[in-house]
Structures are given as structure tokens and as C-alpha cells.
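Student: Below you will find the structure I want to go over with you.
Residue numbers (our numbering): 346 to 710.
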């Protein structure tokens, strides 16, 4: 129904307008709460996994970028998510980049986003989350406010302020975004900068919230080695692998269309190979107890299993919701559960196993 009726209508709208309409419509998911709970109850225990210090019922999370201001935490479990990452939040409120700043690439099932970290700011989001009932485990992603004057020590202060706003909330983890291609800086790659942030967040982290670093799939091997080495010094719990990419190679979308769109982060299936390679590299570099959350081009249970077998404890989706529909998390969970059952495994046994699938699992919700 979604692909035949809803998606064609939504695709007649500007992508950002459609995104806003989806936000307004999602609270209606509460009307199927009993059905959604039945679907949750049917998911097997084999899907349980750990993120940070907590066990969660299934490994499919909502990636940062969809619920920037934490307005949907009461309904997201109805879509089948095991957890959700809110944000990115920034120290100061920001309008982001001028519109248009969100673009569909239908022939690639992809999105280019140049939103520029628009949002209400850390203090406002923290206040909202503090008064909200979470329907599922919630994490928060922090990024630097998108302003060219916020650099150096000011940039550190900006991110640390955001952390100070949320540090007392009951969060699954906090992700610090050190790689965003949609702002004035193409990526925050300076290891010294990351160390300063980690030192300050560690000092303020009274509740010992697990800290994850969100990494770019465009990072080179040397940078990854330095970041992972720095993470050990500050007891970082793990890594989100990864973010969007600035790479445009191999797309079916015509070059003139890409040129007209301009800069921004590419997400969706074309990102999968880069995200998977990032996951494998970080898995080889990290300490055993550190965890990986994978993000990039995941549209099926087979995709999820591939990332898990490459070292991920959990996965996140966003772009695939736009093309496949809001209940995709349930479908991914069911397909993943079948893959595990076929191999007489539970998810935790599959993490880093290196098992390769010969055929992709598929099937309707």
C-alpha cells in the first residue's frame, strides 16, 4: 500500500515538505498501538542485543536526522524500532542552510541532504525529552552548531554545552558527531579537537552515559587509527559507522542533476559498500568491549545481517524509510530473525562472525 499509494503522493511534494507532513502524521501510529505491540511480541528473543550497558529487544534503530528535536519518542516504537537516536542537537538553535536542501534520487533510492543541522538547540530538546515518556530506548546525537564563527575552543565549548544539557537524561547512549558533510566544515577530523571534547564530556559524565563517536565513511585509514586510539584514552563505548558521504561515483542519477543539487551528504543504498567497509575497518581496530552501530544503505534483513556479521551490535535506518515505508523496521527484524533461525544462531553469536549470505532474505511485512 505504501509504495502504490502513499509514496507516489508524497513524492509529488518537495522532500522537506513531505518530511514535515510525515512528522505530523506519525502520532497517528498510536491508533495501531495494540497491533504494533502484537508484532513486537512476535519478534523472537534471538534478536536481542546490547548497546552500551543496556539490552534492547531488537537491533534496528532510527538514525539521527529524522527526529532532530525529539518530538516523536512517544510513538517510534509503534513502527518497530528497537531504539532511536535523536538529533543531531547543537549548542545553539539554528535555521540550517537555505532551502531547497533535501533532494531525492529515485533511480538510486537515495537522498542528498544539505540541511545544515537545523534544530531548536540543545536546551530546548533537553527540556522536551525531560518531560516526555519514551516508548523505546532513546539516544542523542550531538554535533557542532553550524556557524562559521564557532571554531577551535568555541566549537569544543559548543559541543560540551550540548552534552551538559542532556547528561542527566535516562539515555541509551550519547553519540558525538565528528563527521558532518552538511555544514560549513566538510568534516571535523582533527584528533586533538576530538580529544578535547572527550576529556570534557568524561569530566561531566556523572551518570556514566555510554559515549559513541559517529564516524564518516569518507575517513582514511590513518584518521580512523588515530580516532580509535584516542577513544581508548577516554573509555569511549563505541562507534557509529557511519554518516553520509560526499562521494557521487557510480550513481544512476544523471550528472547534470547532481551538479544542479550541489553539495550535501548522500545516503541510501549507494552508501552501503562504503559504510560496510568502515564497519569492518573499525571492528579490526577497536577494543573487544567497544561496540559498533552500523548505518548506511540498510534496506533489508540481509543488509542488517551483513553489517552484524562484520562487527555491528545494531543497525540504524533513515533513507530506506522514505522508499520502503514506515513499518520497514518490523520487516527487517522478521527477515533478520529468519536468517538467524536458518543458521541456528542468536544475534550476539553473529556479531563479527564474518558469515556471508549467498542469497538475500526477502518478503512482505
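Note that beta-carbon positions come from the ideal geometry of N, C-alpha and C, so glycine has one too.
If you follow the beta strand (DSSP E) that residue 430 is in, where does it begin and where does it stop?
Tutor: For residue 430, the uninterrupted beta strand (DSSP E) run begins and ends at 428-434, by DSSP.
Student: Name the one or two DSSP bridge partners that residue 395 has.
Tutor: 400
Student: Cα separation between residue 391 and residue 511?
Tutor: 32 Å
Student: Considering only C-alpha positions, which residue in the set 497, 632, 635 and 666 is nearest to residue 642?
Tutor: When each option's Cα is compared against that of residue 642, the closest is 666.
Student: Could you round the C-beta distance between residue 289 and residue 552 to whole angstroms and report it? I think they count as a contact, below 8 Å.
Tutor: Beyond the ends of the chain as shown, which are 346 and 710, falls residue 289; an answer cannot be given.
Student: For residue 455, which of helix, strand or coil comes out of DSSP?
Tutor: Residue 455 falls in the strand class under three-state DSSP.
Student: At a cut of 8 Å, does the region 620-628 reach the region 654-672 through at least three beta carbon pairs?
Tutor: Flag = yes, the region 620-628 and the region 654-672 touch.
Student: Quick check on this structure: which residue in 396, 535 and 388 has the alpha carbon closest to the alpha carbon of residue 659?
Tutor: 396
Student: How about residue 453 and residue 646: are their beta carbons less than 8 Å apart?
Tutor: no
Student: Would you kindly report the start and end of the unbroken beta strand (DSSP E) that includes residue 711?
Tutor: In the structure as shown, the chain begins at 346 and stops at 710. Residue 711 is therefore absent and cannot be evaluated.
Student: DSSP three-state label for residue 606, please.
Tutor: helix
Student: With H, G and I counted as helix, E and B as strand and the rest as coil, what does DSSP make of residue 530?
Tutor: Any reading at residue 530 must be qualified, since the residue scores a pLDDT of 46, below 50, and its modelled position is unreliable; the value itself is stated next. Note: residue 530 maps to coil in three-state DSSP.
Student: Quick check for students: name the residue ranges of the alpha helix (DSSP H) that lie wholly in the region 349-386, counting only runs of 4 or more.
Tutor: 352-355 and 360-370
Student: Kindly indicate which three-state DSSP category residue 505 falls into: helix, strand or coil?
Tutor: Residue 505: helix per DSSP, three-state reduction.
Student: Name, in chain order, the residues that DSSP records as bridge partners for residue 560.
Tutor: 586
Student: DSSP three-state call for residue 448: helix, strand or coil?
Tutor: Three-state DSSP puts residue 448 in a strand.
Student: So is residue 695 buried or exposed if we call it buried at 16+ other beta carbons inside 10 Å?
Tutor: Under this definition residue 695 is a buried residue.
Student: Going by DSSP, which residues form a beta bridge with residue 612?
Tutor: 456
Student: Can you give me the Cβ contacts of residue 479 inside the same chain, cut-off strictly under 7 Å, excluding the 5 residues immediately before and after it?
Tutor: 418
Student: Going by the CB atoms, is the gap between residue 539 and residue 523 shorter than 8 Å?
Tutor: Judged by their CB atoms, residue 523 and residue 539 are nearer to each other than the 8 Å cut-off.
Student: What is the DSSP secondary structure of residue 484, counted as helix, strand or coil?
Tutor: Here residue 484 sits in strand by DSSP.
Student: Roughly how many whole angstroms lie between the Cα atoms of residue 351 and residue 367?
Tutor: 11 Å
Student: Does DSSP put residue 419 in a helix, a strand or coil?
Tutor: coil
Student: Compute the Euclidean distance between the alpha carbons of residue 545 and residue 519, then round it to the nearest angstrom.
Tutor: Computed Cα separation, rounded: 14 Å.
Student: Between the C-alpha atoms of residue 532 and residue 482, what's the straight-line distance to the nearest angstrom?
Tutor: Note that residue 532 has pLDDT 42, beneath the 50 cutoff, so the model's placement of it is unreliable and no number is given.
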